[in-house]
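Chains A and V supply the protein sequences, listed in that same order. Numbering of the first sequence is given in numbering that gives the first Met the number 0, commencing with residue 0 and proceeding in unit increments. Numbering of the second sequence is given in numbering that gives the first Met the number 0, commencing with residue 0 and proceeding in unit increments. One structure is given here, and the rest of the page talks about it.
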Amino acid sequence: MRRKNKVQRTNAQGRAKSHFPNSCGGLVGWRLGIYWSFVLCPLSFALLLLTACAPKDTPSSRSLESKLFERAQVIGERGGGAGQFNKPRSVGVDRDDNIFVIDMTGRVQKFSPTGEYLLGWQMPETDKGKAKGMSTDRDGNLLLVEPHYARVNHFAPDGKLLHQWGVNGTNAGQLIFPRALAVAPDGAIWVSEYAFAERVQKFSPGGTNFILSVGSSGNGPGEFNRAEGIGVDDAGNLYAADSCNHRIQVFSAGGQFLREYGRPGNQPGEMSYPYDIRVDAAGRQYVCEFGNSRIQVFGLDDKLIEVIGGAGSAPGMFNNPWSIALDSQGNLIVADSQNHRVQKLWRRRERAEFRDPKSDGRSKAEGRKVALGGASRLSHSKVETNIGRIVV
Amino acid sequence: MNWTLLLNSLLVAGAVASLAVALGFAVAVWLACLRGAARSGLLAACIATAALPPFLVVNSWIDLFGRTGSLHLWLPYELYSFTGCVVLLTSLFWPIAALLIHAAWRQANPELWEADPELRGGAFVRRLLWPQARTAIAQSAGLIFVLALNQFSVPAILQVRIYPEELWVRFNTTFNHVEALALSWPMVIFPLLLVAVLARHPINWPRGMRAGKTTEFRRQLGGGWRLLVGVAGSVVILGSLILPLGQLLLAESTWSQLFGAWAANRATALQSIVVAAVPALASVGLGWLLAPTRLGALLWPVYFLPGVLLGIALIFLANRKGLDWVYSSVAILFLALTVRYLAPAWYGARLIRRGLDRDLVDAGRLSGAQGWQRWALVDWPQARPQLLALGYVLYLLCLWDVETINLIVPAGSETLALRIFNLLHYGHNGEVNALCLLLLGIALAPLLVGTIVVRLLAASKGGGR
């Protein structure tokens, strides 16, 4: 009966009371209007397509409001050609600060420090899956890990394959879905694994000998829930991005658990799927967050220094970043995965101080790490400045 | 053109359609044997199975039967294989066959069932049940074939190479829209054929069905057949509903990681609700407006096409100057999902419109109710429950969607389903379980909110008296 009562609400002329003025219901006809919109919308859409036929130009660099970085430079764009990317997954830097990028198609591309494309090569085997983690060793060679082939590749900077190692398996010293790697100051190689073995293993330089294994599955101290990227500081301590526990864990060079920080969330200091971490000579930790699409910088004391970026496609913003790398100047290179590009965050130059790379025989990228502000642990007798290289 | 992968796709789809129809037939027979609460329970199980997101089922199966799963040795085949993919897809699609066949039998003329009371067992199935369900079987086989042919996420997670994946990879490698769209013709032909066939033989949905004579049906079917369909149905329900949900709810890691998963994905979860709710609402609205016309039928191929293809087409159309505000914002997701699910919305709205009381509609028209007034005073009061149900179904479809939005999701607009898909690509993990539970919570939230609102309204009306 309620329905009938509703229907019978009419005005004096016997027409139903309208909630809208007549111009809507009577003049044009409400349904006719809708039908017209169906005709007009596609027409307008077609007109738009005809009048505009090129993607919007995006600026290639932008200044940043950051304590540490002055500007963000975009390197590459979406595509399959030279200098283009399809979901770049990992980045690395050689001793000359050249940038290496591996993307989802299994291509490795090399760029100059200022972002010019230099060369590229395809990984020899990709049927089972593509390469993911990347690092450089003391000789300046590129180390690339292939999870589905359970092996680590050593490439010369010109792309020549020098050496492969890794035995598939879950036993100590074997590799099962290795995800990322980091080279310690003494040349030892740390390799993180996921899925079937939640651990990080340490091998001698060249992967010849297994040294130790850290962690097991879980969320307690020293346990991992899909460890992703790893980093090593000057003292050889291991920093692991424990992605699904949304935290960073720190271990000594000998594999002892030291500390952890971070908790799940999207507020400053909180984390959502940290995918990679790098540590500079001052002990600052750069955490790449896949979930929050940002970089967080933590100090030596694990306290938050600043947050860089957020979800977006403008320079300095990120879309599910996968991996980061630090060059000898302290510039941060980010694999901005879902934006299909790499970004280079240029360090503020006026406060940069550098260590002589020739002093200890280590690679430039490792040896010339930046020491900024009062937190420097470097000897001033061994510093040099190289401001000229920072200019875009 | 990669003929091997196309053949793979056709084989997967063919095997899934055959298996799903066979199992659906068994469950439909079982349904016809049951009555009262048992029948309602089994019907609810069928609907719940059909409503489960594919990745939730895959996640559970990987945890239980994957390489390190606790029941790995119980599975006579490798989960990451062609067989594994077929079985998993079958577990997703058999309810379509079961419900259509069940509906066909319930809509049959009661005199047919009484025509030959001496028919027993196999003869009863062969001469009566099968002929009565033949059209429904053909329709469900066609539907399942097309849906399985264009399914992308399950084969991708199980690393089974299929044609839609080839399209996705090819497009991702070359970024050549034209080539990708040209290569997609085999994926377009089958949906078009299906739409053409269904236009001539429309599906009879279970509306206004007659109640069957269960006792007589059971007697004619015989004990052996009852046992057979009971066992087959139980195994199917176990594998496709109880096992996935049980694994999800009973795994310790689901609950231990739930808080962390929520804290880390709060924004994504809220985003998922918006990305699902807005297109669902838009689809229902547009579907209702289009319902009096046949225009909506033209949209069926869009629904049956692989979502990846729609994504590629939208990149081609919207990644341009002037449309950047659409392409780089959440609007592209609204647009994609609305377009994808407009056909089912139109179809649902058409069915609902047909069910309106003509006397009331005529009375409204004679009283001068037009346009908005007719909607508010005549249509909405009558069709409210059905429209809300339709909206909820579309909300679920949008909530689970990965394939349509995978290529076009703008920065910061990732949905929970997409995040689960991305994480699951690298294997099962407790975090994925927790995220699946969150997603189920989001799926059930509208029902919960709706119930509370209805109760509050009822209470306030009761208090007012």
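No residue lacks a Cβ here, since even glycine has one placed at the ideal position from N, Cα and C.
- Using a 10 angstroms sphere on the CB of Ser292(A), the tally of other CB atoms reaches 16 or more, which defines it as buried.
- Bridge partners of Asp241(A) according to DSSP: Ala226(A), Arg246(A).
- Contact annotation: the stretch 64-79 of chain V does not touch the stretch 89-101 of chain V, with fewer than three C-beta pairs closer than 8 angstroms.
- Contact note: Tyr272(A) reaches chain V through Ala263, using a C-beta cutoff of 8 angstroms and chain order.
- Phe195(A) belongs to the set of residues whose beta carbon lies under 8 angstroms from a beta carbon in chain V.
- For Asn170(A), not one C-beta of chain V is nearer than 8 angstroms to its own C-beta.
- Chain-order list of chain A residues neighbouring Ser255(V): Asn218, by C-beta distance under 9 angstroms.
- The beta carbons of Ile247(A) and Val199(A) sit no closer together than 8 angstroms.
- Between the stretch 361-378 of chain V and the stretch 406-415 of chain V there are fewer than three inter-stretch CB-CB distances shorter than 8 angstroms, so the stretches are not counted as touching.
- Secondary structure of Thr135(A) (DSSP, three-state): strand.
- Contact between the stretch 169-177 of chain V and the stretch 187-200 of chain V is absent: fewer than three C-beta pairs spanning the two stretches fall below 8 angstroms.
- With respect to the C-alpha of Leu393(V), the residue from Phe303(V), Val448(V), Leu280(V), Val307(V) having the closest C-alpha is Leu280(V).
- Distance from Leu166(V) to Ala179(V) at the Cβ level is roughly 6 angstroms; contact confirmed, criterion being Cβ atoms closer than 8 angstroms.
- Within chain V, the residues placing a beta-carbon under 7 angstroms from that of Gly264(A) are Ala262, Ala263, ordered along the chain.
- Using a Cβ distance threshold of 8 angstroms, Asn264(V) and Ser271(A) count as a contacting pair.
- Excluding five sequence positions before and after Gly230(A), the CB atoms of its chain that fall closer than 6 angstroms to its own CB belong to Ala181, Tyr238, Ile276, Arg277, Val278, given in chain order.
- Contacts between Glu430(V) and chain A, judged by CB atoms closer than 8 angstroms, involve Asn224, Arg225, Cys243 in chain order.
- Residues of chain V whose Cβ lies closer than 7 angstroms to the Cβ of Ser292(A) are, in chain order, Ala410, Gly411.
- Contact annotation: in the stretch 127-144 of chain A, no residue has its CB less than 7 angstroms from a CB in chain V.
- Closer than 7 angstroms at the C-beta level to chain A, one finds these residues of the stretch 318-346 of chain V: Asn318, Arg319, Lys320, Gly321, Leu322, Asp323, Ser327.
- Here the alpha carbons of Gln131(V) and Val228(V) stand approximately 18 angstroms from one another.
- At a Cβ-Cβ threshold of 8 angstroms, Gln381(V) and Asp358(V) do not count as neighbours.
- For Gly40(V), the enclosing alpha helix (DSSP H) starts and ends at 35-50.
- Neighbours of Met122(A) across chain V, judged by C-beta separation under 9 angstroms, do not exist; the nearest C-beta is about 14 angstroms away.
- Using beta-carbon distances, Arg383(V) does not count as an interface residue toward chain A, since no partner is under 8 angstroms.
- Proximity of Arg66(V) to chain A, defined by a Cβ-Cβ separation below 8 angstroms, is satisfied.
- Near chain A, meaning a CB-to-CB distance below 7 angstroms, the residues of the stretch 165-181 of chain V are Asn171, Thr172, Thr173, Phe174.
- Beta-carbon to beta-carbon, Leu398(V) and Ser271(V) are separated by about 6 angstroms, close enough to satisfy the 8 angstroms threshold.
- Apart from the 5 residues on each side of it in sequence, Asn167(A) sits with its Cβ closer than 6 angstroms to the Cβ of Ala149 in its chain, given in chain order.
- By the neighbour-count criterion, in which 16 or more other beta carbons inside 10 Å mark a residue as buried, Ala181(V) falls on the exposed side.
- The three-state reading of DSSP puts Asn167(A) in strand, counting E and B together.
- The straight-line gap separating the alpha-carbon atoms of Gly121(V) and Val28(V) is approximately 12 angstroms.
- When CB distances to chain V are screened at a threshold of 9 angstroms, the residues of the stretch 293-311 of chain A falling below it are Gly309, Ala310, Gly311, in chain order.
- In this structure, the alpha-carbon of Ser191(A) lies about 9 angstroms from that of Val213(A).
- For the options Leu288(V), Phe333(V), Pro291(V), Phe24(V), the alpha carbon positioned closest to that of Trp104(V) is the one of Phe24(V).
- In the structure shown, Lys343(A) falls within a strand segment according to DSSP collapsed to helix, strand and coil.
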